[in-house]
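Numbering-wise, the working numbering comes out as the position in the sequence shown, counting from 1, plus 50.
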Amino acid sequence: MSAVLQTAGGAGIEQSTSSAAWLLEVEDLHVHFVTSRGVVRAVEGISYQVRAGEVVALVGESGCGKSVSSLAIMQLLAKPAGRIVGGRILFQGRDLLKLSADEMRAIRGRDIAMIFQEPMTSLNPVLTVGFQIMEPMLIHLGISETAARARALELLQLVGIPDPERRLDQFPHQFSGGMRQRAMIAIGLACDPKLLIADEPTTALDVTIQAQILQLMKDLSRKLGIALVVITHNLGVVARYADRVNVMYSARIAEQGTAEGIFDKPLHPYTAGLLRSVPRLDRPRGRRLETIDGMPPSLLDAPEGCRFAPRCPARIDACVNAAPPLVEVTPQHWSACVRSVQMSKVGPAGLGLQSANPQPPEAKLLAAGAPLLDVRDLRTHFTVATGMKLFKPAHAVVRAVDGLSFDIRRGETVGLVGESGCGKTTVGRTLLRLENPTSGEIMFDGADVTRATGESLKRYRRQVQVIFQDPYSSLNPRMTIGQIIAEPMLVYKLQPDRKAADRKVRELLQQVGLFDYMAERYPHELSGGQRQRVGIARALAMQPSVIICDEPVSALDVSIQAQIINLLEDLQREFSLTYLFIAHDLAVVRHISDRIIVMYLGRVMEIADRDALYSEPLHPYTRALLDAVPIPDPALEAARATQVLGGEVPSPLNPPSGCVFHTRCPLAGPECKLAVPELREVRSGHFAACIKI
Numbered sequence: 051m052s053a054v055l056q057t058a059g060g061a062g063i064e065q066s067t068s069s070a071a072w073l074l075e076v077e078d079l080h081v082h083f084v085t086s087r088g089v090v091r092a093v094e095g096i097s098y099q100v101r102a103g104e105v106v107a108l109v110g111e112s113g114c115g116k117s118v119s120s121l122a123i124m125q126l127l128a129k130p131a132g133r134i135v136g137g138r139i140l141f142q143g144r145d146l147l148k149l150s151a152d153e154m155r156a157i158r159g160r161d162i163a164m165i166f167q168e169p170m171t172s173l174n175p176v177l178t179v180g181f182q183i184m185e186p187m188l189i190h191l192g193i194s195e196t197a198a199r200a201r202a203l204e205l206l207q208l209v210g211i212p213d214p215e216r217r218l219d220q221f222p223h224q225f226s227g228g229m230r231q232r233a234m235i236a237i238g239l240a241c242d243p244k245l246l247i248a249d250e251p252t253t254a255l256d257v258t259i260q261a262q263i264l265q266l267m268k269d270l271s272r273k274l275g276i277a278l279v280v281i282t283h284n285l286g287v288v289a290r291y292a293d294r295v296n297v298m299y300s301a302r303i304a305e306q307g308t309a310e311g312i313f314d315k316p317l318h319p320y321t322a323g324l325l326r327s328v329p330r331l332d333r334p335r336g337r338r339l340e341t342i343d344g345m346p347p348s349l350l351d352a353p354e355g356c357r358f359a360p361r362c363p364a365r366i367d368a369c370v371n372a373a374p375p376l377v378e379v380t381p382q383h384w385s386a387c388v389r390s391v392q393m394s395k396v397g398p399a400g401l402g403l404q405s406a407n408p409q410p411p412e413a414k415l416l417a418a419g420a421p422l423l424d425v426r427d428l429r430t431h432f433t434v435a436t437g438m439k440l441f442k443p444a445h446a447v448v449r450a451v452d453g454l455s456f457d458i459r460r461g462e463t464v465g466l467v468g469e470s471g472c473g474k475t476t477v478g479r480t481l482l483r484l485e486n487p488t489s490g491e492i493m494f495d496g497a498d499v500t501r502a503t504g505e506s507l508k509r510y511r512r513q514v515q516v517i518f519q520d521p522y523s524s525l526n527p528r529m530t531i532g533q534i535i536a537e538p539m540l541v542y543k544l545q546p547d548r549k550a551a552d553r554k555v556r557e558l559l560q561q562v563g564l565f566d567y568m569a570e571r572y573p574h575e576l577s578g579g580q581r582q583r584v585g586i587a588r589a590l591a592m593q594p595s596v597i598i599c600d601e602p603v604s605a606l607d608v609s610i611q612a613q614i615i616n617l618l619e620d621l622q623r624e625f626s627l628t629y630l631f632i633a634h635d636l637a638v639v640r641h642i643s644d645r646i647i648v649m650y651l652g653r654v655m656e657i658a659d660r661d662a663l664y665s666e667p668l669h670p671y672t673r674a675l676l677d678a679v680p681i682p683d684p685a686l687e688a689a690r691a692t693q694v695l696g697g698e699v700p701s702p703l704n705p706p707s708g709c710v711f712h713t714r715c716p717l718a719g720p721e722c723k724l725a726v727p728e729l730r731e732v733r734s735g736h737f738a739a740c741i742k743i
């Protein structure tokens, strides 16, 4: 018996559907971690298969077991705590769990390779990138150093790293984030593996670099016949690149099927909830983002029945009695839900799982008069050492922010978007006066705070607060949540004493959707979403007028992300807050922002009203950013004529002459290298910096 697999180009590859067709078979895998608090059942009975040349995705919220299952395949579980207690992992018919350590070491890196989530911590900082690519070839293939270096050079060219001969002898810190991830892919491909496991390979990357990396990986999968397992929580990525999908929830498989089948007709309420939670650029903006209420259960003491039942709007009594098995509901589509057959007939809407927010957003009435925050020709430059020149230290100037002008009216949300290194965070830090501007003006409520010091700076900082990107590193691990929130109120004497501050802390916790008893907990005892809510409560404690949100949801799962965005919008209405929302997720920025600023390498490329920017972007860079955003719909993704923006963001130490975007711009001509285009009003309220417009 045989079946035809469709390749990316549409050509058919005949594949046997017998068990021999599977390159990888994970069967009833169970992984436990023994801790001081009990046994964490991190993976419970998951099964899935992968064919050669196929892209299979594992998706789900943090803590569902995706990464643990891949580490089990690689036999890289932290021992002695982590252990595989049941199941089989068959690779080309061999059970990996029965191999000796030496036999597994021979397979790992040669036949099965893994790309880890954070390339900077995965690459050895004291070894050159070239040696790290050569090392697995020297160990597994036994080839000479000359041959290994030639192959490493070929791999760097293959993964699109410019000037590969020079880059071979550089160290990881000399590479950008996108190039480090490409180097990790080159290491993974060094021995021509049959299976490549990519664990959140693009989470830390910008949308344009993400598109480059994933397209590269899929092309290599098709070209070289490599099976690719992609672990991610980005459903847009899954829709664009995956052939089949496994949806995990609380250590179990909730749904399995083809990407087209799962996105077109999900058969599990959890999958339907994930798809509803994703903000999409191809649909009208709703009043609120959809959310999945609640949190996944603890794997120390998980419920007996369906793990998703406590959060499921469609649950019935049968859901809590026993765990539903994973059954094939329709051809090639499996679901672990007692109502999956009914769901296949009536769809999610038939079970009350349709969108709860079909209404368009309410028009925002902004206060008339002068803007609350007015920034004019802001420049923030840094002098950095670049080595020695004629026995003297050499220095260069980094123009992190180079001539930024914008204003924000009271109650408005202005989005600030762009790739890493464009200066977004420096803008936020300069507005907070954590960095001193080189030149320009910062006017707040009519007062010049550019050079404010002493009491005037203290008053300004009370009015302008910040929510940081990483909610864990921005909270003191030695202080309780109550102490963290109360501290600024006591320092600024906003409350008369500790008891009044404690009462205010509990009030703030309830306002951000937390229980008041969480004031006694420490940051490590909260989830990522809960920690971010604590960061919001701490900012609110100062009764600010402006909050600078620096990538506040980039580290969160899609359902938690939606909860935080909705909370920020609710708080804005309640307290008349003004936001500068810094992010690189354009779908999230579109939902929350009124106006949007697009930055590239320290300069503004475009400023426009949200709807105008997304419907008719003027600058080639803005169009490239929007084109790179994947839509969570495989049918739409297949029909889109996307063009991946090539190249890397130039170094701010040596920016290009003329328009800083001309080195990557598809419209660039010789004149773009000569003059810096000014930001001009092309349409009413719509500004762009491009001489081609």
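Note that beta-carbon positions come from the ideal geometry of N, C-alpha and C, so glycine has one too. Keep in mind the model is a prediction, meaning the values are calculated, not measured.
CB contact below 8 Å: residue i versus chain D
| i | result |
| --- | --- |
| S455 | Of the chains in the structure shown, none is chain D; there is only one protein chain. |
Pairwise C-alpha distance: residue j and residue i
| i | j | result |
| --- | --- | --- |
| L540 | R588 | 12 Å |
| V726 | C472 | 16 Å |
| P375 | A163 | 31 Å |
| L772 | V464 | The shown model of the chain, from 51 to 743, leaves out residue 772, and the question about it has no answer. |
| I615 | W384 | 32 Å |
| G400 | Y522 | 40 Å |
| C362 | P175 | 46 Å |
| I657 | T692 | 24 Å |
| L127 | G355 | 28 Å |
| T493 | P347 | A small fix is needed here, since residue 493 is Met in this sequence, not Thr. Computed Cα separation, rounded: 48 Å. |
| G419 | A413 | 18 Å |
| A612 | V638 | 9 Å |
| L23 | P329 | Because the chain is modelled from 51 through 743, residue 23 falls outside the range shown and cannot be assessed. |
| V257 | A718 | 21 Å |
| Q220 | P705 | 21 Å |
| G402 | V648 | 39 Å |
Short Cβ contact (8 Å threshold) for residue i with residue j
| i | j | result |
| --- | --- | --- |
| E310 | A685 | yes |
| F313 | D635 | no |
| R556 | D566 | yes |
| I642 | L663 | no |
| L651 | P700 | yes |
| A359 | R91 | no |
| G453 | A417 | no |
| D157 | P251 | A quick correction: the sequence has Ile, not Asp, at residue 157. No. |
| V100 | L74 | yes |
| T500 | E491 | yes |
| V288 | A107 | yes |
| Y291 | L264 | yes |
Per DSSP, cross-strand counterpart(s) of residue i
| i | result |
| --- | --- |
| F83 | V90, G132 |
| M493 | D424, D498 |
| A658 | I646 |
| H190 | None; H190 has no bridge partner. |
| E75 | Q99, L140 |
| A163 | L246 |
Span of the beta strand (DSSP E), counted from its first residue to its last, around residue i
| i | result |
| --- | --- |
| V280 | 277-282 |
| Y542 | Here Y542 belongs to no beta strand (DSSP E), and DSSP marks it neither H nor E. |
| G180 | Per DSSP, G180 belongs to no beta strand (DSSP E); it is in the alpha helix (DSSP H), 179-186. |
| D314 | No beta strand (DSSP E) contains D314, which is instead part of the alpha helix (DSSP H) from 309-314. |
| Q515 | 514-517 |
| A248 | 245-249 |
| E731 | 730-733 |
| T380 | 377-380 |
| T463 | 463-467 |
The alpha helix (DSSP H) enclosing residue i, as first and last residue numbers
| i | result |
| --- | --- |
| S271 | 257-274 |
| I237 | 227-239 |
| T321 | 319-327 |
| R581 | 578-590 |
| A386 | Unbroken run through A386: none, as it is neither H nor E. |
*Report yes or no: do the stretch 601-611 and the stretch 552-570 share at least 3 C-beta pairs separated by less than 8 Å?*
no
_Does the structure place the stretch 77-89 close enough to the stretch 112-124 that three or more beta carbon pairs sit under 8 Å?_
yes
*asked:* Measuring CB atoms only, is the stretch 139-157 touching the stretch 193-206, in the sense that at least three cross pairs come out at less than 8 Å?
replied: no
*Touching by the beta-carbon criterion (3+ pairs, under 8 Å), the stretch 271-282 and the stretch 232-244*: yes
*Okay, do the stretch 180-190 and the stretch 220-238 touch, 3+ Cβ pairs below 8 Å being the bar?*
yes
*Three-pair Cβ contact test at 8 Å for the stretch 319-339 versus the stretch 592-600*: no
*State whether the stretch 413-430 contacts the stretch 453-464, with contact taken as three or more CB pairs (one from each stretch) at a distance under 8 Å.*
yes
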